[in-house]
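Comments concern the structure below.
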Amino acid sequence: MSRPSRLQRQVLSLYRELLRAGRGKPGAEARVRAEFRQNASLPRSDVLRIEYLYRRGRRQLQLLRSGHAVAMGAFVRPGAGPPRTSPENGDDSRSPVDGKGSPETPLDGR
Numbered sequence: 003m004s005r006p007s008r009l010q011r012q013v014l015s016l017y018r019e020l021l022r023a024g025r026g027k028p029g030a031e032a033r034v035r036a037e038f039r040q041n042a043s044l045p046r047s048d049v050l051r052i053e054y055l056y057r058r059g060r061r062q063l064q065l066l067r068s069g070h071a072v073a074m075g076a077f078v079r080p081g082a083g084p085p086r087t088s089p090e091n092g093d094d095s096r097s098p099v100d101g102k103g104s105p106e107t108p109l110d111g112r
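First residue of the sequence shown: 3, per the working numbering; consecutive thereafter.
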């Protein structure tokens, strides 16, 4: 087996750092693993895409380490997420996105 390239070593190092930074943050470890698994099938020759994803991962690592992140989630396009269900009592003022009572942002951004 040949030695890993510099970029491969950097990606593996980023993976370990993200897992460490995500400890104790709900959803972080699972999200990191899912992202890396999803992109594991990229061909080694697609260096531009790999470098782009590496830079994106570095930015996410900085955010995780900044102390402002308390959990890690994913953005979902409107209509692409799981179907929204209403509670039995019909009086739920929580946002279906965060469940913490914050109002939903309209699609037009206002």
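Using N, Cα and C, we set each Cβ at its ideal position, and we do this for glycine too. The model shown is predicted, which means the values in this text are computed figures rather than measured ones.
Is residue j closer than 8 Å to residue i when the C-beta atoms are compared?
i	j	result
valine 34	glycine 26	no
alanine 30	leucine 66	yes
leucine 16	leucine 50	no
Is it right to say residue i is buried, meaning 16 or more other beta carbons lie within 10 angstroms of its own, or is it exposed?
i	result
glycine 69	exposed
leucine 9	exposed
leucine 20	buried
arginine 18	exposed
glutamine 40	exposed
proline 45	exposed
Between the Cα of residue i and the Cα atoms of the options, which residue gives the shortest distance?
i	options	result
arginine 60	Ser4, Arg8, Pro6 and Val13	Val13
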